[in-house]
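Beneath this line is the structure, given in structure tokens, with notes to follow.
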Amino acid sequence: MVEAQRKGLGVGTVSRKLVEPHIASGEMVIKEVELDTNGFYPAVCAWRTTHKGQGLQWLIKQLQKDEIKQQLLDVK
């Protein structure tokens, strides 16, 4: 997910911990957003069920990994 955003292919929020090296190198910048969520906001993933290309299959496998789940939930 970070790589997609780093390459300009994704939009969304990620854990600062995941992008700190990219921020330090100047490759990525932080954009402040206002969220009225009381510290909680849901994450939703959706896709068409009629076609699961290689990219989507890869993404699903990544999201199922415990390490990735922990990194996504470890927000500051």
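Read in the UniProt record's numbering, the sequence shown has 20 at position 20, and its numbers run on one by one without any break.
Think of the CB as a built atom: it goes at the ideal place given N, C-alpha and C, for glycine as much as any other residue.
The model shown is predicted, which means the values in this text are computed figures rather than measured ones.
Cβ-Cβ distance between residue i and residue j below 8 angstroms
i	j	result
V14	V2	yes
E27	R6	yes
Whole-number beta carbon distance between residue j and residue i, since they are thought to touch under 8 angstroms
i	j	result
L72	C45	Actually they are not in contact, since the Cβ atoms of L72 and C45 sit about 11 angstroms apart, beyond 8 angstroms.
Residue from the options whose Cα sits closest to the Cα of residue i
i	options	result
K31	R16, T49 and A43	R16
G12	H51, H22 and A43	A43
Q70	G53, H22 and L18	L18
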